[in-house]
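A.B. asks:
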Amino acid sequence: MAMAMAMRRAAALGARHILGASSSSSSGILRSRHMSVDAAAALERIRAAGLLRTQGLIGGKWIDAYDGKTIEVENPATGEILANVSCMGSRETSDAIASAHTTFYSWSKLTASERSKALRKWYDLIISNKEELALLMTLEQGKPIKEALGEVNYGASFIEYFAEEAKRIYGDIIPPTLSDRRLLVLKQPVGVVGAITPWNFPLAMITRKVGPALACGCTVVVKPSEFTPLTALAAADLALQAGIPAGALNVVMGNAPEIGDALLQSTQVRKITFTGSTAVGKKLMAGSADTVKKVSLELGGNAPCIVFDDADIDVAIKGSLAAKFRNSGQTCVCANRILVQEGIYEKFASAFIKAVQSLQVGNGLEESTSQGPLINEAAVQKVEKFIKDATSKGAHIMLGGKRHSLGMTFYEPTVVGNVSNDMLLFREEAFGPVAPLVPFKTEEDAIHMANDTNAGSLSDPVYLNYYFFLFSLVCQAL
1 MAMAMAMRRA AALGARHILG ASSSSSSGIL RSRHMSVDAA AALERIRAAG
51 LLRTQGLIGG KWIDAYDGKT IEVENPATGE ILANVSCMGS RETSDAIASA
101 HTTFYSWSKL TASERSKALR KWYDLIISNK EELALLMTLE QGKPIKEALG
151 EVNYGASFIE YFAEEAKRIY GDIIPPTLSD RRLLVLKQPV GVVGAITPWN
201 FPLAMITRKV GPALACGCTV VVKPSEFTPL TALAAADLAL QAGIPAGALN
251 VVMGNAPEIG DALLQSTQVR KITFTGSTAV GKKLMAGSAD TVKKVSLELG
301 GNAPCIVFDD ADIDVAIKGS LAAKFRNSGQ TCVCANRILV QEGIYEKFAS
351 AFIKAVQSLQ VGNGLEESTS QGPLINEAAV QKVEKFIKDA TSKGAHIMLG
401 GKRHSLGMTF YEPTVVGNVS NDMLLFREEA FGPVAPLVPF KTEEDAIHMA
451 NDTNAGSLSD PVYLNYYFFL FSLVCQAL
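Residue numbers for the sequence shown follow UniProt numbering, so the first one is 1 and each next one is one higher.
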């Protein structure tokens, strides 16, 4: 199927090693590869908190893959094998869907107040275990520990928010056109939701999808990224502890094409929610048509950050740095293009380079680190491809532009000057620590450049000193 082919292509971007049943340890934790003291200590702390899960969650039970296969989870900063988790496929997904479907009839019948209390307890447990969750996230995803802690806090806030919104799912009474009629609108849960989440925000993207689904009475089957399943499993464990009933939240991970097809083909799955690449999103939308599922997609972006001549340089530098280099540039709302007006271009570039030089690259477990590794080797190769394309077309490297001396998948924070719209850096997401500077002359030029994309526009800051001009600019860009 086309869906399977697309997800196989996506999975090939840094695929994990899949091991047979005889290759996995009973605990799920491998000790065959040397592990640093810091990583070992962090894992021990996570294990002591009861949050190191390596099996899938189906119907409230922790389940091995039916064929015994596992998939390795690595620390991208070191290459250390952290664990091997169950590598599940279509059979396990079908059982997870069946469990969610059965539980839907009881979970959806609870009062909004009852569901709210369970969600609030889940929020409380995440907050009380936030340090362990942040450590786990840093180990498997690579982001700095401070960023990971931030993600836990705002990821938990989604659950807190929807715990309250569960009590405010109101209907409507509509004035009728006939005197003997009464028109009422009741909002009902759609049923089982299939949630496919990315690796760059392994907790927040789950809570943002699962929180509202559970709040309104839906049940969920989550497929986390094979690169970051441990955080998802830990969050699901806390959901069980919070009293969210068995089967309301299920987690399957491993064989992405099989899991995806099982979710799409099932008539019991009534909605698909996905965050990830545009290519896979298109296939999910097409695959959902046969069973007429509702679909929510958050796909690729190409956000510009715009700096005008009259901007406060210090404010613009600080904002652009945060917009570009969060999570080493691996977010769909990163500033993929920094458009700078010609009158301030040189001054901005000089100050921006100085600020980028202050970024500390290293293992995310180190408190001083502000830039971690890229998720895998394929991500590094993509950045290298974009840099090569840009320099071949006239751009010049102002800072960085190569792999970091730390090795592994670390890449130097990079600034590229004189980027134009015929370059990959302008047209596509680099998804790495590369800041393309694009000069422009007039307001009209900036609007044209910002909108010269198939993705959404103006997702990042505009720096200038006049509010009403900004309002006018946004109106023209919409």
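The beta carbon of each residue, even a glycine, is placed where N, CA and C say it ideally should be.
Give me the Cβ distance between ALA100 and THR219, rounded to the nearest whole Å; I'm assuming they're in contact under 8 Å.
C.D. replies: The Cβ separation is near 4 Å, so the contact holds.
A.B. asks: Output the distance between the C-alpha atoms of PHE201 and LEU178, rounded to the nearest integer angstrom.
C.D. replies: If I take the Cα positions, the gap works out to 51 Å.
A.B. asks: In angstroms, rounded to a whole number, what distance separates the CA positions of ASN129 and MET137?
C.D. replies: Taking the straight line joining both Cα atoms gives about 12 Å.
A.B. asks: Would you kindly report the start and end of the unbroken beta strand (DSSP E) that includes GLU429?
C.D. replies: Looking at the DSSP string, GLU429 is not in any beta strand (DSSP E), and its letter there is neither H nor E.
A.B. asks: Let me check understanding here. Comparing Cα to Cα, which of LYS167, ALA163, ILE159, ALA239 lies closest to GLY60?
C.D. replies: Comparing Cα-Cα distances from GLY60 to each of LYS167, ALA163, ILE159, ALA239, the minimum goes to ALA239.
A.B. asks: Where does the unbroken alpha helix (DSSP H) through LEU125 begin, and where does it stop?
C.D. replies: Start and end: 112 to 128.
A.B. asks: Just verifying my parser: in three-state terms, what is the DSSP assignment at ASN44?
C.D. replies: As written in the sequence, residue 44 is Glu, which differs from the Asn given in the question. Three-state result, GLU44: helix.
A.B. asks: Since ALA235 and LEU264 are thought to touch, with beta carbons under 8 Å apart, how far apart are those beta carbons, to the nearest angstrom?
C.D. replies: About 24 Å; that fails the 8 Å criterion.
A.B. asks: Is the region 48 to 67 in contact with the region 375 to 383, if contact means three or more CB pairs nearer than 8 Å?
C.D. replies: The region 48 to 67, when compared against the region 375 to 383, does not touch it at the 8 Å Cβ threshold.
A.B. asks: Just to confirm before moving on: does the CB-CB distance between VAL269 and LYS223 stay below 9 Å?
C.D. replies: Not closer than 9 Å, so no.
A.B. asks: Based on the DSSP secondary-structure assignment, which residues constitute the bridge partners of LYS324?
C.D. replies: In DSSP, LYS324 forms no bridge with anything.
A.B. asks: In whole angstroms, what separates the C-alpha of SER392 from that of GLY287?
C.D. replies: Distance between the alpha carbons of SER392 and GLY287 is about 39 Å.
A.B. asks: For ARG337, write down the residues that DSSP places opposite it in a beta bridge.
C.D. replies: Looking at the DSSP assignment, ARG337 forms a beta bridge with PRO304.
A.B. asks: Going by beta carbon distance, what residues of the same chain come within less than 6 Å of GLY362, once the five residues before and after it are set aside?
C.D. replies: Correct list, in chain order: THR369.
A.B. asks: Work out the CA separation of GLY217 and GLU160 for me, nearest whole Å.
C.D. replies: If I take the Cα positions, the gap works out to 16 Å.
A.B. asks: Does the distance from the C-beta atom of ALA248 to that of LEU214 stay below 9 Å?
C.D. replies: For ALA248 and LEU214, yes; Cβs fall inside 9 Å.
A.B. asks: Specify, as a first and last residue, the run of the alpha helix (DSSP H) that ALA156 falls within.
C.D. replies: Counting along the chain, the alpha helix (DSSP H) containing ALA156 begins and ends at 145 to 165.
A.B. asks: Excluding sequence positions up to five away, which residues of its chain have a Cβ less than 6 Å from the Cβ of ASP67?
C.D. replies: None.
A.B. asks: Look at LEU425 and VAL416 and say whether their C-beta atoms are less than 9 Å apart.
C.D. replies: Cβ atoms of LEU425 and VAL416: closer than 9 Å.
A.B. asks: Report the rounded CA-to-CA distance for ALA48 versus ALA42, giving the unit in angstroms.
C.D. replies: So the two alpha carbons sit approximately 10 Å from each other.
A.B. asks: If we count the other Cβ atoms within 10 Å of its Cβ and call it buried at 16 or more, is TYR345 buried or exposed?
C.D. replies: The residue is buried, with at least 16 neighbouring Cβ atoms inside 10 Å.
A.B. asks: Compute the beta-carbon to beta-carbon distance between LEU374 and THR331, rounded to the nearest angstrom, for a pair I have assumed lies under 8 Å.
C.D. replies: Not confirmed; about 12 Å, so no contact.
A.B. asks: Please report the distance separating the alpha-carbon of GLY400 from that of SER108.
C.D. replies: Cα to Cα, the separation comes out at about 53 Å.
A.B. asks: Three or more beta-carbon pairs under 8 Å between the region 306 to 317 and the region 336 to 354, yes or no?
C.D. replies: Yes, since at least three Cβ pairs between the region 306 to 317 and the region 336 to 354 fall closer than 8 Å, the two stretches touch.
A.B. asks: Quick check on DSSP: helix, strand or coil for LYS209?
C.D. replies: Reduced to three states, the DSSP call for LYS209 is helix.
A.B. asks: Give the straight-line distance between the Cα atoms of TRP122 and GLN241, rounded to the nearest whole angstrom.
C.D. replies: Near 8 Å, if we compare the C-alpha coordinates of GLN241 and TRP122.
A.B. asks: Throw me the rounded Cβ distance for the THR93 and PRO198 pair, which I believe falls under 8 Å.
C.D. replies: Between PRO198 and THR93 the Cβ distance is about 18 Å, and since that is not below 8 Å, they are no contact.
A.B. asks: According to DSSP, ALA395 sits in a beta bridge with which residue or residues?
C.D. replies: Beta-bridge pairing links ALA395 to no other residue.
A.B. asks: Span of the beta strand (DSSP E) holding LYS223?
C.D. replies: That run of the beta strand (DSSP E) goes 219 to 223.
A.B. asks: Bridge partners for GLY50 per DSSP, in chain order?
C.D. replies: Answer is none; GLY50 lacks a bridge partner.
A.B. asks: Secondary structure at VAL292, three-state DSSP: helix, strand or coil?
C.D. replies: DSSP places VAL292 in coil when its eight states are reduced to three.
A.B. asks: Between which residues of its own chain and GLU151 is the CB-CB distance below 7 Å, once the five residues before and five after are set aside?
C.D. replies: Excluding sequence neighbours, GLU151 sits near MET137, PHE201, LEU203, ALA204.
A.B. asks: With a threshold of 7 Å on Cβ separation, who are the neighbours of THR273 within its own chain once the five nearest residues in sequence on each side are excluded?
C.D. replies: Once the five neighbours on either side are set aside, the close Cβ partners of THR273 are VAL193, ALA195, LYS209, SER296.
A.B. asks: When burial is assigned at 16 or more other CB atoms within 10 Å of the CB, is GLU147 buried or exposed?
C.D. replies: Burial call: buried.
A.B. asks: In whole angstroms, give me the CA-to-CA distance for PHE469 and GLU443.
C.D. replies: Low per-residue confidence applies at PHE469: pLDDT is 43, beneath 50, and the placement is therefore not dependable, though the value from the model is reported in the following sentence. If I take the Cα positions, the gap works out to 10 Å.
A.B. asks: By DSSP, does GLY287 sit in helix, in strand, or in coil?
C.D. replies: The answer is helix: DSSP assigns GLY287 an H, G or I state.
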